[in-house]
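Residue numbers (my numbering), protein chains in the order written: chain A, 62 to 166; chain B, 62 to 166.
Heads up, the beta-carbon is just placed ideally off N, CA and C, and yes, glycines get one too.
Since the structure comes first, as structure tokens, the remarks are kept for the end.
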DNA sequence: ACATTAATTCGATAATTCCGGAAATATCGT
DNA sequence: ACGATATTTCCGGAATTATCGAATTAATGT
């Protein structure tokens with residue numbers, strides 16, 4: 062994860078609607094949620110929601126898989142973890158490396 | 062840290078310029094950096110930079126303290142850590158708590 | 001008071017994002 | 001083929017954000 066990818070991910074998570082959307086997916090179990098289910102939870106018009114979902118898919122934080130008429134959305138835990146790791150490593154401690162607890166890749 | 066505060070912070074970090082700016086402050090030691098020093102590193106016009114800094118100050122991720130003619134900027138490690146913790150807790154694991162409780166809960 | 005340096009605010013323009021209804025596409029059941 | 005459901009794409013307007021030169025405020029030294 063480099064700075065530009067991190068910024069793109071942060072930008073997309075930096076909207077209340079999209080952050081909540083992503084949080085719903087994370088908490089929704091391994092099957093994730095269909096777009097329609099997201100819509101019920103979030104209460105935004107279909108086209109608007111579609112735009113938000115597309116942006117998260119675009120940066121890779123959400124994956125979509127067709128299942129009949131339904132598009133099932135699942136979060137990419139790996140990418141999200143990379144993002145959090147980047148923030149922890151690059152933006153949370155003053156000194157380059159505190160010599161202890163250096164476990165991340 | 063609630064969802065809306067997290068979204069506001071993420072939004073402001075979600076710009077390459079501001080993310081690099083914040084990263085510079087984090088890595089700059091306890092005295093942080095003056096706005097002018099940031100400008101040298103980032104190479105962006107003074108007024109543009111001032112807006113970016115102001116946005117980070119606005120959400121509380123950066124503090125400013127006057128020191129003579131110079132405005133010294135320092136990152137708020139506490140808030141940044143809260144943000145990372147929020148993401149870890151709310152957006153990184155599918156199940157509410159993975160049974161083997163980690164340290165803070 | 002004046003000049004100098006540091007940084008912000010102003011003002012105007014350009015670019016981007018957000019939103020949502022209407023139309024289009026995809027899939028399924030009959 | 002037709003109708004129903006799920007979702008996206010298209011389109012345009014409204015709102016927001018980005019950019020940066022010029023003017024302005026703040027602090028210091030002479």
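Taking 8 Å as the limit between beta carbons, can you name the residues of its chain near residue i, skipping five residues before and five after?
i                      : result
residue 165 of chain A : Confidence is the limiting factor: at residue 165 of chain A the pLDDT is only 48, short of 50, which leaves the residue's position unreliable, though a coordinate-based value still follows. So the list reads 146, 149, 150, once near-sequence residues are dropped.
residue 69 of chain A  : 120
residue 127 of chain A : 133
residue 76 of chain B  : 113
Starting from the C-beta of residue i, find all residues in its chain whose C-beta is less than 6 Å away, skip the five residues before and the five after it, and write them out in chain order.
i                      : result
residue 116 of chain B : 73
Tell me the residue span of the alpha helix (DSSP H) that contains residue i.
i                     : result
residue 77 of chain A : 77–87
residue 69 of chain B : 64–74
Below 7 Å CB to CB, which residues in the same chain sit around residue i once its five sequence neighbours on both sides are set aside?
i                      : result
residue 78 of chain A  : 103, 105, 113
residue 100 of chain A : 107, 110
residue 143 of chain B : 62
residue 87 of chain B  : 136
Kindly indicate the opening and closing residues of the beta strand (DSSP E) around residue i.
i                      : result
residue 134 of chain A : 131–136
For the region 97–108 of chain A, which residues have a CB atom closer than 8 Å to at least one CB atom of chain B, in sequence order? none
Three CB pairs or more closer than 8 Å across the region 125–135 of chain A and the region 86–101 of chain A: yes
Along the region 116–135 of chain B, where does the CB come closer than 7 Å to a CB of chain A? Name the residues. none
Please specify which runs of the beta strand (DSSP E), each continuous and at least 3 residues long, are wholly inside the region 92–152 of chain A, giving them in chain order. 123–128, 131–136
Pull out every residue of the region 64–75 of chain A whose Cβ sits closer than 9 Å to any Cβ of chain B, in chain order. 64, 65, 67, 68, 69, 70, 71, 72, 73, 74, 75
Contact residues within the region 137–149 of chain B, judged by C-beta distance below 7 Å to chain A: 138, 141, 142, 145, 148, 149
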